[in-house]
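Undergrad:
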Amino acid sequence: MPINLKGSRKEGAKYINPIPTDEAGFDKMPAILWEYIKNKAETTPKKKLGPFKTNPDIFNTPPESGLRITWIGHSSILIEIDGKRILTDPVWSQRVSFSQRFGPKRFFDAPIALKDLPELDAIIVSHDHYDHFDEATIKQLAGLQTPFYCSLGVGQYLEKWGVAKNRINEMDWGDTAKVGDDLTITTTPARHFSGRGITNRNETLWSSFVIKGNKHNIFFGADSGWFEGFNDIGEAYGPFDLTMLEIGAYGDNWPDIHMGPDHASNAHIALKGGLMMPIHWGTFNLALHAWYEPIERLQQLAKEKQIRLFVPEPGQPTQVVNELPFISGWWRKYR
């Protein structure tokens, strides 16, 4: 049965996933804790990663191809597409937690300071989890005139942290917003969950995004487990020149809310993707696998499934050219 791409559903105050989903709630905590205790994988790099540095002068010259990607880390991406600049899920803080004293810490510093970013046309916030939505970063961006495009309910935080209400665009699944005259952002379903505390789980929405310019069509997956909705998104909005899909933070105790390389590669195919850019890996310790495992597994799968990968080094602005694969291999020197 096709997934409904138009509009989310709620039960009471809670948003509901497109299909029944195990969200790894409190009943899973004892098993997850035990797995963490006995785990011996290199979840945090033994060698310090980086430093990675972005030369901001490069942004004075637009990309010849019309599409250039600068991976800040995790799901934070500076996208230059057909004359527009979009920043996704901006997180510059050292820790993704309610406190900067503890919680998952960055493996490497953000390669460019917020003050050195070029002028932005849009900022996308996929959902309210700490590793995608950082209060300190938003407060620094709040003084800009850039509009924000976020999932339903997330605007309350943006407004609280200083973003003017008229610059906040809350979007339901299936909504489309225009950025300038010739670029659109469309919100599509994802299979995940939300909440920044113990008591407010799923009271805001989580989303993926279709970004379509006058030449390029790309997909920002943010966080999602596998579901047949990827086929429906591909049929409705594909094919895509580039898909940006999460490959990290997977685990046996939460198989429904993150994909890992195996399902992410399937999602790319379902979306009718040209190049696949892996995101949501190599930046924070959020799971039990080795920090480099997702990308190395994905490379194997890409050969088997004939997927062309796009894997730039953190902080290195890299053009997307004619669907040609590009694998920087930056992580290998830290193994």
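The UniProt record's numbering puts the first residue of the sequence shown at 1, with every later residue one more than the last.
The beta-carbon is built from N, C-alpha and C at its ideal position, and this holds for glycine as well.
If you draw a straight line from the C-alpha of residue 181 to the C-alpha of residue 316, how long is it?
TA: When rounded, the distance between both Cα atoms is 29 Å.
Undergrad: Using the rule of at least 16 other Cβ atoms within 10 Å of the residue's Cβ for burial, across every protein chain shown, is residue 324 buried or exposed?
TA: Residue 324 is exposed by the Cβ-count criterion.
Undergrad: Could you work out which residue in 23, 265, 332 is closest to residue 304 when comparing CA atoms only?
TA: For the residues 23, 265, 332, the minimum Cα distance to residue 304 belongs to 265.
Undergrad: Residue 71 and residue 255 look like a contact to me (Cβ under 8 Å); what is the Cβ gap, rounded to whole Å?
TA: Residue 71 to residue 255, Cβ: 26 Å. No contact.
Undergrad: How many angstroms separate the CA atom of residue 249 from the CA atom of residue 41?
TA: Spanning the two alpha carbons is a distance of roughly 13 Å.
Undergrad: Check this for me: beta carbons of residue 21 and residue 174, under 8 Å apart or not?
TA: Against a cut-off of 8 Å, the Cβ pair of residue 174 and residue 21 comes out as no contact.
Undergrad: Could you work out which residue in 131, 61, 64, 161 is closest to residue 88 when comparing CA atoms only?
TA: Of the candidates 131, 61, 64, 161, the one whose C-alpha sits nearest the C-alpha of residue 88 is 131.
Undergrad: Is it true that the CB of residue 234 sits closer than 8 Å to the CB of residue 272?
TA: Yes.
Undergrad: What are the start and end residues of the alpha helix (DSSP H) that includes residue 137?
TA: Here the alpha helix (DSSP H) through residue 137 covers 135 to 141.
Undergrad: So, are the CB atoms of residue 186 and residue 151 less than 8 Å apart?
TA: Going by C-beta atoms, residue 186 is not nearer than 8 Å to residue 151.
Undergrad: Would you check if the distance between the CB atom of residue 121 and the CB atom of residue 137 is smaller than 8 Å?
TA: Cβ distance not < 8 Å, so residue 121 and residue 137 don't count as in contact.
Undergrad: Enumerate in chain order the residues of its own chain whose CB-to-CB distance from residue 17 is below 6 Å, with the five nearest sequence positions on each side excluded.
TA: 191, listed in sequence order.
Undergrad: What are the uninterrupted segments assigned as alpha helix (DSSP H) that are 4 or more residues long and contained completely in the stretch 90 to 160, given in chain order?
TA: You should have 135 to 141, 155 to 160.
Undergrad: Taking the alpha-carbon positions, what's the residue 54 to residue 112 distance?
TA: Taking the straight line from one Cα to the other gives about 5 Å.
Undergrad: Which one or two residues does DSSP pair with residue 71 in a beta bridge?
TA: For residue 71, which the question treats as bridged, DSSP gives the partners 77.
Undergrad: Mind the definition here: the stretch 78 to 86 touches the stretch 212 to 219 only if three or more C-beta pairs lie below 8 Å; say whether that holds.
TA: Output reads yes: the stretch 212 to 219 touches the stretch 78 to 86.
Undergrad: Examine the Cβ distances between the stretch 96 to 105 and the stretch 49 to 67 and report whether three or more of them are shorter than 8 Å.
TA: With a cut-off of 8 Å, the stretch 49 to 67 and the stretch 96 to 105 do not count as touching, because too few Cβ pairs lie within range.
Undergrad: Using C-beta distances below 6 Å, list every residue in its chain close to residue 95, excluding the 5 sequence neighbours before and after it, in chain order.
TA: Correct list, in chain order: 103, 105.
Undergrad: As an exercise, report each continuous beta strand (DSSP E) stretch of at least 3 residues that is fully enclosed by the stretch 158 to 222, in chain order.
TA: Taking only runs of at least 3 residues, the beta strand (DSSP E) segments lying wholly in the stretch 158 to 222 are 168 to 171, 176 to 179, 183 to 188, 208 to 212, 217 to 220.
Undergrad: Less than 7 Å between C-beta atoms, sequence neighbours within five positions excluded: which residues of the same chain meet that for residue 288?
TA: Within the same chain, residue 288 has close Cβ partners 35, 36, 39, 41, 43, 251.
Undergrad: Hey, could you find the ends of the alpha helix (DSSP H) residue 260 is sitting in?
TA: Element bounds for residue 260: 260 to 270.
Undergrad: From residue 168 to residue 115, what distance separates their C-alpha atoms?
TA: Cα to Cα, residue 168 sits roughly 21 Å from residue 115.
Undergrad: Mapping DSSP to helix, strand and coil, what is residue 234?
TA: Helix, per DSSP.
Undergrad: Can you tell which of 216, 223, 48 has the C-alpha that lies nearest to the C-alpha of residue 320?
TA: Considering only alpha carbons, the answer is 216.
Undergrad: Rounding to the nearest angstrom, what Cα-Cα distance links residue 165 and residue 143 in this structure?
TA: Distance between the alpha carbons of residue 165 and residue 143: 12 Å.
Undergrad: Using the DSSP secondary-structure output, state which residues sit across from residue 15 in a beta bridge.
TA: Its beta-bridge partners are 10.
Undergrad: Just the C-alpha distance for residue 292 and residue 283, rounded to the nearest angstrom, thanks.
TA: Whole-angstrom Cα-Cα distance: 10 Å.
Undergrad: Using DSSP with H/G/I as helix, E/B as strand and the rest coil, what is residue 241?
TA: Looking at residue 241 - three-state DSSP - the assignment turns out to be strand.
Undergrad: Please look up how many angstroms separate the CB atoms of residue 223 and residue 206, rounded, as I've assumed it's under 8 Å.
TA: The pair is a contact, with the Cβ atoms about 7 Å apart (cut-off 8 Å).
Undergrad: For the beta strand (DSSP E) that residue 278 lies in, which residues bound it at each end?
TA: Counting along the chain, the beta strand (DSSP E) containing residue 278 begins and ends at 273 to 279.
Undergrad: Only counting the same chain, and skipping five residues up and downstream in sequence, which positions put a Cβ closer than 6 Å to that of residue 347?
TA: Absent from the structure is residue 347, since the part of the chain shown begins at 1 and ends at 335.
Undergrad: Identify every residue that forms a DSSP beta bridge with residue 309.
TA: For residue 309, which the question treats as bridged, DSSP gives the partners 276.
Undergrad: Between the Cα of residue 154 and those of 262, 128, 246, 236, spot the shortest distance and give me the residue it belongs to.
TA: The option with the nearest alpha carbon to residue 154 is 128.
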